[in-house]
Structure formats: C-alpha cells, structure tokens
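Those protein sequences? They're chains A and B, same order as listed.
Per my numbering, the very first residue in the first sequence carries number 6; after that it's consecutive.
Per my numbering, the very first residue in the second sequence carries number 17; after that it's consecutive.
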Amino acid sequence: MNIIQNIKIAVRGIAVNKMRSGLTMLGIMIGVGAVIAMISIGSGATSSVTSNIQSLGSNLLMVRPGSAGMGFGGARQAAGTAATLSENDAEAIGKEIPAAKSVSPEFSSSAQIVYSNQNINTQVTGVTPEYQEVKNFHVEFGQFIESEDLSNQSRVAVLGQNVIADLFVSGEDPIGKTIKIKSVPFRIIGVMELKGEAAMQSPDDSIFIPLSTAQKRLFGADNLSTINVQVRSEEEMDLASDQIETLLLARHDIGNPDEADFRIMNQADILSTMGAVTGTLTLLLGGIAAISLLVGGIGIMNIMLVSVTERTREIGLRKAVGAKRKDILGQFLMESLVLSVLGGGMGLVLGFIGSFVLAQVGGWPFVVSINSILLAFFFSAAVGIFFGIYPARRASLLSPIEALRYE
Amino acid sequence: MEVTVEGAKMIIETSQLTKTYGMGVTSVKALRGISLKIHKGEFVAIMGPSGSGKSTLLHLLGGIDHSTSGSYILDGVTVNDMDDDSLAEVRNEKIGFVFQQFNLLPRTTALDNVILPLTYGKRKHGDLRAQAMQALTAIGLEDRASHRPNELSGGQQQRVAIARALINEPSIILADEPTGNLDTKSGDEIMSVFDGLNTEGKTIILITHERYIAEHARRIIYLQDGKVVSDENLSGDKPTTPKTEPGQNGERE
Numbered sequence: 006m007n008i009i010q011n012i013k014i015a016v017r018g019i020a021v022n023k024m025r026s027g028l029t030m031l032g033i034m035i036g037v038g039a040v041i042a043m044i045s046i047g048s049g050a051t052s053s054v055t056s057n058i059q060s061l062g063s064n065l066l067m068v069r070p071g072s073a074g075m076g077f078g079g080a081r082q083a084a085g086t087a088a089t090l091s092e093n094d095a096e097a098i099g100k101e102i103p104a105a106k107s108v109s110p111e112f113s114s115s116a117q118i119v120y121s122n123q124n125i126n127t128q129v130t131g132v133t134p135e136y137q138e139v140k141n142f143h144v145e146f147g148q149f150i151e152s153e154d155l156s157n158q159s160r161v162a163v164l165g166q167n168v169i170a171d172l173f174v175s176g177e178d179p180i181g182k183t184i185k186i187k188s189v190p191f192r193i194i195g196v197m198e199l200k201g202e203a204a205m206q207s208p209d210d211s212i213f214i215p216l217s218t219a220q221k222r223l224f225g226a227d228n229l230s231t232i233n234v235q236v237r238s239e240e241e242m243d244l245a246s247d248q249i250e251t252l253l254l255a256r257h258d259i260g261n262p263d264e265a266d267f268r269i270m271n272q273a274d275i276l277s278t279m280g281a282v283t284g285t286l287t288l289l290l291g292g293i294a295a296i297s298l299l300v301g302g303i304g305i306m307n308i309m310l311v312s313v314t315e316r317t318r319e320i321g322l323r324k325a326v327g328a329k330r331k332d333i334l335g336q337f338l339m340e341s342l343v344l345s346v347l348g349g350g351m352g353l354v355l356g357f358i359g360s361f362v363l364a365q366v367g368g369w370p371f372v373v374s375i376n377s378i379l380l381a382f383f384f385s386a387a388v389g390i391f392f393g394i395y396p397a398r399r400a401s402l403l404s405p406i407e408a409l410r411y412e
Numbered sequence: 017m018e019v020t021v022e023g024a025k026m027i028i029e030t031s032q033l034t035k036t037y038g039m040g041v042t043s044v045k046a047l048r049g050i051s052l053k054i055h056k057g058e059f060v061a062i063m064g065p066s067g068s069g070k071s072t073l074l075h076l077l078g079g080i081d082h083s084t085s086g087s088y089i090l091d092g093v094t095v096n097d098m099d100d101d102s103l104a105e106v107r108n109e110k111i112g113f114v115f116q117q118f119n120l121l122p123r124t125t126a127l128d129n130v131i132l133p134l135t136y137g138k139r140k141h142g143d144l145r146a147q148a149m150q151a152l153t154a155i156g157l158e159d160r161a162s163h164r165p166n167e168l169s170g171g172q173q174q175r176v177a178i179a180r181a182l183i184n185e186p187s188i189i190l191a192d193e194p195t196g197n198l199d200t201k202s203g204d205e206i207m208s209v210f211d212g213l214n215t216e217g218k219t220i221i222l223i224t225h226e227r228y229i230a231e232h233a234r235r236i237i238y239l240q241d242g243k244v245v246s247d248e249n250l251s252g253d254k255p256t257t258p259k260t261e262p263g264q265n266g267e268r269e
C-alpha cells in the first residue's frame, strides 16, 4: 500500500460523506482561520504601531489631566476630565524645563460643524503655532494658525482631510469658505496633510482653531486638555518627564506623587497601550484558534471512530486479503490527515479573508506571510495525526475474523 | 504420511487443532482436535450442521483466526505460532478467500476490488491493472471491470470475489458457503467456476450445507461438535484421500 493509494482511498471515503466530512472540517477551518488571522493581525498591527509612533512626532511627551475626583473617595471619572492643566503650566514647562524644546498646549472638545447643507460632529482642537512642529503634523494647503490669530482670537480654522471629505462633498476648494462651529462662523485658512489612520483618534478628523478662540469664544474654558512637549533629544526623555512631574506637582501643591492630578505619557506608554489592544485581540484569536482546533480535532476523532465502525467489514476483508496493521493504520491516519488538511486549507482562505477585513477596519497593512501558510498546514496536519491516531490504531488492531463477522 | 501421498504434495497438515471461545465455565469448544491432511490439487467440501465448527476450521486454515492448541502446517510453513503481521503475509500470498457475502468493497469498481490483494503484496512489479483485468477476463467479467458491486448481480459479484481470490496465485482457495447467498442458477455457475479451477490444478476447500454442492468436490469431510465424523472420498478418479481417519480425533478426550 503506498501513500498515493492511501490518499485516493481517503479522498474517496471523504467524498462519500460530503456533508459529514464538511461539518467535521469546519472546526479545523475555524481554528486554522483564527491562527492565520492572528498572525496577520499581529504582524500588521505591529508595523502599524511602529509607523504610528514615528508619525506621532519625535521625542514627544504628552501631559494630560487626571480624572476628576482623583485622590478623593467616590466615583472616578474618565481620565482627562479634570480641569487641572492651565496655560500657565504650559508656559512654566517651556520656561523652566531646559530639555523642553517646544511646548504645544491644546484644548479639544467635540462640536457640531455646519457647512452648506452638511452637518457633522467632530473634534475641534484649539492649538498654538507650535502644534505643527511638536506633533510632526503640517498644513498642506493654505496656512496654519499663527500668533496673531491667538492674540486676536480670530475665527479661523484649519481642517483635517477627513473633515474636508465630509463637508466639501462636491470637491470645491475649501480655503476661504466659511463653516459654522457651534453656530459661530469660521473662515477656513488651511488644510492639514493626510496623517493616515492612527491608533486612537485620527487627527484627520479634527478641526484646528486658535487655542484662545477655542477656550474663550467657543467652549468657555480656561483649562487645557493636553500639553504636548517636544524634548530636545531621546536621551533626555526620562529626565524631562521627571522634571515636568516635579514642576507640576509643585505648581499644583501636591506632596504625594501618587495623588497627581495629571499624567505624563510618552511614546513608549502609547505603544504599550496600543500593544495591549492588539495583544488582547491576538490573545482572543489565539484562544479561539486553540479551542476550535481542539474541538475540531475531537470532531475528527469522533467521525473517524464512526468511520472505523462503519467500515469494520471492509477492515476485516482488507486484513483477510493480506493487509497488515500498518496498512490499516496508514489508511485511516491518511483519511484523518486529508480531512484535517483540507479543513486547514479552507481555514487558510477563511483566515486571509478575515484578516483582510480586519486590516481594513483596523487600518493596518494586510500582511500575508509564507509562514502562516506553513503554520496552517502544520497545525491542521498535527491535529489530524494527533486525533486520528487513536481511531486508526483501533482499526488496525481489529481481529480479521471478528471484523468480518461484524454486522 | 509425510510429504507426498501418491505423488501429490501435502499442502495442509493439521494435528489436534482445537479452538475454544471464551474462558472458564462459559467457554465453548468450537473445535475439539482436528487432524487433517490435504494435498495439492484436492477439491474438499466440509459439511456439517450449524455450530459444528466448520467455519471455525476454515478460518483457522485461512489464518484469519488463531487456534487454541494443536499445530498447523500450510505449504511447508508452521502457521499456528505466527504473529499477526506474518499471518497477514501468509494470507496474502498463499490463501484466496471467497465469502458467502462476497465482501466486495462498496463504491469500488470490480477491477479495483480484484487489485486489492496485489496492493498489499510484496511483489509489486508489473502492471497491477493488467493482471487484474486478466483475472476478470478469466471469469468472463472483462466487460464489467468498471462496474461497482451494486451494479452487479450476486453471481457476478461472487465471480469478482473469485477473481480477487485468484489474483495472487494462492496455494489454496477457501470458500465459505460461496453459493449460500445465490439462486440455484448462479450457484451452479459459481460451482462450475470452481470445477474449472480444480481441473486447472487449484486446491479448493469449501464449506456448504448442500449435498449437491458438496458433490462437486472429490472429498467430503463431515464435522460434528468440533470433530471430524467422516471423511469420504467421492470418486475414484482422483487419488486424494489419505488414510488418516483412524485415530484422528475424539478418542483422546
């Protein structure tokens, strides 16, 4: 009995019970599909995280307010809700921290935007001219917010690309047009470059206006939602972070650092936050993969036991005409192997489709690696052999005479 | 007594072969000491009532079951102490089975059914399909080669089974009530195939309930309660029956 004959017999056996075989393969399919999706998402998200970090701007520290109610009893609210950071804090950082090359305070909130008959709700960010450099995010057409706009509290706006796409559906030139933010008219003076998908909120969805305009004219606030600090060099990141913490603790009169009413985040923190998200997704898919491979394997074992029982007489006959144990073992092992590898092949396709969709949704590149194909076959073959060995062994140990007598 | 009797080579020699099923008080003694000698070219029918042990004897002779005690020499090879895989080899090379239920593989063409023993054999040289086709031609079923068992009549199925039994040129053909599932006409056809094979020199041992089927054979062995009760030589034209009857069984128990 050679391998090709065994494969032929296996394929014939599987083809006879298409429905049953298909259902059996489903478990392996889902398992392998999840493995493929997991790998693809893992590598896609990693490259996306890397490019995101690079696009965030180099050596960036972000100071954010703590959550309201922090340090006291009672319910804690979401981070960033406390109104603890002021423009004076930002100025102090710029003046007193030597490692801080540039400081960009911002205040953002969401607001209703109207242009012509388009009406959207998006983020409005009050910024200073330093924003472009600190966030490594530049204007593409027109001009950015300038110092006079701040001092005049001008009603001028620079729009992100997604906002442009949403508001100017007919493709007209937005510069010079007037939009209404919370019913206040603003003249568009510039359009930002396309930043691409980001891990958190995309800056492409934002409208940039002068910080003073945002605080005083639109939202009636004097706090900041973020102080972006560009540090001179990477080596000084930790130092700068410590110094900013000390400075702000002193300014806010807080003795215990654990009770700080602000948080300082750097790229590593953001990276680990994003890593945690993709890590969770990967873990989830890994769990699905492991469970469905296990369940799929048990399904294969089950169906192979049925197959062995159904074909007891065939086994008896094969033994009577000279099949040895290893021949019968090989035959049934091959059948479970073909079953699982076929399921694995379909799972491969399923996994590619799934990871393509997830890549579109998650905004990371769709990565197909030869490794995932090999892994799919390895996993499915391993499941086929592991769960096929018991039924096949049982078949091979049948006594020919008892097998022939089986009704 | 030894290798030849009147020129024919000894092909089967059993001595005090027993088979007990189960253990202890529930055990059933299917065979109680069978001593037989069968020579090359013989056509032997084994008869006996149900439960007489004739099928058990055939299974032991065919090497698909293990004896409890006694010795069995097939074609010069001691078979009774072989392991399963060696027995499989013996079955493949020396024995051709024909069953009452035909036992063809379902959904498998006649040709592939006939090829089956070749695929488990050692000698893989030559064109297996051509050999199988030849075997089908020999039994007149060459035009049914690509038919599946459910497209063949009972008689045709049994002839395919005979072609399968012959494909490896075995030393003996063992047939377990080969006509039991067939109508009289098909049964007669099958028996004439056996007659022809015996004329060509094949050794055939068959089990039957029917006296008229048994009469195709040259020698009829009757079993009862696991013992040989008579060994009858039908026609004088074949010098077959050795004088083994005296003291062959029974009295030692």
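Heads up, the beta-carbon is just placed ideally off N, CA and C, and yes, glycines get one too.
In this structure A/K185 touches A/V119 by the C-beta definition: roughly 4 angstroms separates them, less than 8 angstroms.
Against A/R17, the close residues of chain B are R123 and T124, in the order they occur along the chain (beta-carbon pairs closer than 9 angstroms).
Taking each of B/T42, B/G38, B/E185 and B/A181 in turn and checking the Cα distance to B/F118, the smallest one comes out for B/A181. Each residue's CA atom was taken as its position, placing B/D143 and A/I14 some 19 angstroms apart. Counting other Cβ atoms within 10 Å of its Cβ, A/M309 reaches 16 or more and is therefore classed as buried. Contact annotation: B/A151 and B/A177 have beta-carbon atoms that are not nearer than 8 angstroms. Neighbours of B/T30 in chain A, taken as residues at a C-beta separation under 7 angstroms, are lacking, since the least C-beta distance is about 17 angstroms. The residue from A/I102, A/V311 and A/F146 with its alpha-carbon nearest to that of A/E340 is A/V311.
For the 8 angstroms CB-CB criterion, A/G301 and A/I33 form a contact. By the neighbour-count criterion, in which 16 or more other beta carbons inside 10 Å mark a residue as buried, B/Y228 falls on the exposed side. A/E241 sits in a helix when the DSSP states are folded into three classes. Here the alpha carbons of A/H257 and A/G280 stand approximately 32 angstroms from one another. The beta carbon of A/E315 sits no closer than 8 angstroms to any beta carbon of chain B.
With a minimum length of 3 residues, the unbroken runs of beta strand (DSSP E) contained wholly in the region 72–118 of chain B fall at 85–90 and 111–114.
With fewer than 16 other Cβ atoms inside 10 Å of its own Cβ, B/Y37 counts as exposed. Sequence-distant Cβ neighbours of A/S207 in its own chain, meaning closer than 7 angstroms and more than five residues away, are N167 and K200.
Straight-line measurement puts the Cα of A/V354 at about 10 angstroms from the Cα of A/A381. Taking all protein chains shown into account, B/K218 has 16 or more neighbouring C-beta atoms within 10 Å of its C-beta and is therefore buried.
Rounded to whole angstroms, the Cβ separation of B/G112 and B/I189 is 5 angstroms, and the two are in contact under 8 angstroms. Between B/I62 and B/I221, the gap from beta carbon to beta carbon is short of 8 angstroms. Between the C-alpha atoms of A/S401 and B/K56 there is a straight-line separation of about 33 angstroms. A direct Cα-to-Cα measurement between A/V234 and A/L288 gives close to 34 angstroms.
Shown here for A/F149: same chain residues with a beta carbon closer than 7 angstroms to its own, the five before and five after excluded, namely P134, Q137, V163 and G195 in chain order. Secondary structure note for B/D192: its beta strand (DSSP E) is the uninterrupted segment I188 to D192. Counting along the chain, B/D247 sits inside no alpha helix (DSSP H); it lies in the beta strand (DSSP E) bounded by residues K243 to N249.
Beta-bridge annotation (DSSP): B/K45 is paired with B/T36. Within the region 178–229 of chain B, the runs of beta strand (DSSP E) at least 3 residues long that lie entirely inside it are, in chain order, 188–192 and 219–223. DSSP places A/Q117 within a strand segment (E or B) once states are collapsed to three. With 16 or more neighbouring CB atoms inside 10 Å of its own CB, A/T283 falls in the buried class. Residues of the region 97–108 of chain B with a C-beta less than 7 angstroms from any C-beta of chain A: D100, D101, A104, E105, R107 and N108, listed in chain order.
Just so you know, the alpha carbons of B/V209 and B/Q174 end up roughly 10 angstroms apart. C-alpha of B/A230 to C-alpha of B/L74: approximately 15 angstroms in a straight line.
A direct Cα-to-Cα measurement between A/S374 and A/F357 gives close to 10 angstroms. Restricting attention to B/L76, B/G92 and B/D91, the CA atom closest to the CA of B/S85 is found in B/L76. For B/F59, no chain A residue has a Cβ inside 7 angstroms of its Cβ, as the nearest lies near 21 angstroms away. In the displayed model, A/E198 falls within coil according to three-state DSSP, outside both helix and strand.
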